[in-house]
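Shown next, in structure tokens, is the structure this report addresses.
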Amino acid sequence: MTTPKVLILRTAGTNCDAETDTAFRLAGAETALVHIQNLISGKVNLTDYQILAIPGGFSYGDDIAAGILLAIEMKHKLTDMLNRFVADGKLVIGICNGFQVLVRTGLLPGMSSSDSSTPEMTQRTTLAMNTSARFECRWVDLETQESPCVFTEGVKPRVYLPVAHAEGRFTAPTDVLAELEANHQVVFRYAESEYPINPNGSDADIAGICDATGRIFGLMPHPERFLTKWNHPRWTRLADNTASEEGDGLVIFKNAVNYVKTNLL
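Pasting the structure below:
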């Protein structure tokens, strides 16, 4: 069987690409770290890949707002390519800054189910400044929600992942939030509403969402930073007979790779 291929998008300020690359390789994929200019110029063809990953970091220094400049670049220079990629049933994941990019492009949460006239790639939600008004870097408990998300199928009910962001407060108009709930597009919630378990004050404690198909997924926590038990901040205190060799984040990447093997290759 052909090995699934992942394109990990890079630009100035990206700094979690190496960890994302490691995660997908551990999951069994073939990976390529590709600068956005190589997609824009046509040097690299996105259609050669089955998974697009937009990793964390501070793309273009998060100038103006987090992820906005990369989102604008993608919307105005890669729209047809991205629309074709999504229409072909392929997978997209955005982590932290990548989630901010997906929200600002409008790829998440996607087209309104109640308004078919809503154009594709229109921003309907945002990730705003944390209510603490500061950069939050800590590990948090998440509760997995029932959703169509390809990436979280079979994920345990409660997972532990790190966050590192200043603009992670997911917020949206009331009607959009209601739509996300009705369509089961909320994938992860922070386990508690109170700070610091909810590190940013997100509406409805939302930490990650998917589109209606479950094939586009964005989240603020970093699954690529918890791939083995050695990444756990208290790994020396974990009992050997209870600690899994795998970190909570690895299954997210394995699910994506397995989905491609089963459905796209």
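Quick note: the sequence shown uses this note's numbering, first residue 1368, plus one each step.
Think of the CB as a built atom: it goes at the ideal place given N, C-alpha and C, for glycine as much as any other residue.
Quick caveat, the model's predicted, so the values are computed rather than measured.
field: Chain-order list of residues whose beta-carbon lies under 6 Å from that of S1483 (same chain, five-residue window excluded)
entry: Because S1483 carries a pLDDT of 44, less than 50, the predicted location of this residue cannot be relied on, and the following value inherits that uncertainty. Cβ neighbours of S1483 beyond the five flanking positions: none.
message: I need the boundaries of the beta strand (DSSP E) containing H1402, first residue and last residue.
response: 1397 to 1402
- request: Going by DSSP, name the residue or residues bridged to A1420.
  value: I1375, I1460
query: Taking the Cβ atom as the reference point for each residue, do S1408 and G1380 lie within a distance shorter than 7 Å?
result: no
- prompt: So, is L1632 buried or exposed, given that buried needs 16 or more other C-beta atoms within 10 angstroms?
  reply: exposed
field: At least 3 beta-carbon pairs within less than 8 Å: the stretch 1517 to 1536 vs the stretch 1546 to 1553
entry: no
field: Simplified DSSP assignment, three categories, for V1411
entry: coil
- prompt: Rounded C-beta distance between P1476 and I1573? I'm assuming under 8 Å.
  reply: Not quite, the Cβ-Cβ distance comes to about 10 Å (not below 8 Å), so this is no contact.
Stretch-stretch touch, CB-based, cutoff 8 Å, three pairs: the stretch 1588 to 1595 with the stretch 1380 to 1394: yes
- prompt: Is I1573 helix, strand or coil by DSSP?
  reply: strand
- request: State yes or no: is the C-beta of T1377 within less than 7 Å of the C-beta of L1458?
  value: The question names Thr, but residue 1377 is Arg in the sequence shown. Cβ atoms of R1377 and L1458: not closer than 7 Å.
- prompt: How many Å lie between N1510 and A1433 at the Cα?
  reply: What sits at residue 1510 in the sequence shown is Glu, not Asn. Distance between the alpha carbons of E1510 and A1433: 25 Å.
- prompt: How would you call E1534, buried or exposed, if buried means at least 16 neighbouring beta carbons within 10 angstroms?
  reply: buried
query: Quick one: Cα of T1492 to Cα of G1473, how far?
result: 8 Å
query: Would you call the stretch 1441 to 1451 and the stretch 1564 to 1572 touching, i.e. three or more CB-CB distances under 8 Å?
result: no
- request: Let me know the secondary structure DSSP gives D1508 once reduced to three states.
  value: strand
field: Bridge partners - A1390, DSSP secondary structure assignment
entry: A1390 pairs with nothing; no bridge assigned.
message: Nearest by alpha-carbon distance to Y1626: which of A1399, L1374, G1395, R1471 is it?
response: G1395
R1451: first and last residue of the uninterrupted alpha helix (DSSP H) it sits in: 1446 to 1454
field: Simplified DSSP assignment, three categories, for T1603
entry: helix
message: Among the candidates L1469, P1529, L1437, I1403, whose CA atom is the shortest distance from the CA of Y1557?
response: P1529
query: Between the C-alpha atoms of N1630 and C1463, what's the straight-line distance to the nearest angstrom?
result: 27 Å
task: Identify every residue that forms a DSSP beta bridge with A1531.
output: C1504
- prompt: Would a C-beta distance cut-off of 7 Å place G1465 and I1421 closer than the cut-off?
  reply: yes
task: Give the straight-line distance between the Cα atoms of D1578 and C1516, rounded to the nearest whole angstrom.
output: 8 Å
task: Below 6 Å CB to CB, which residues in the same chain sit around N1382 once its five sequence neighbours on both sides are set aside?
output: G1424
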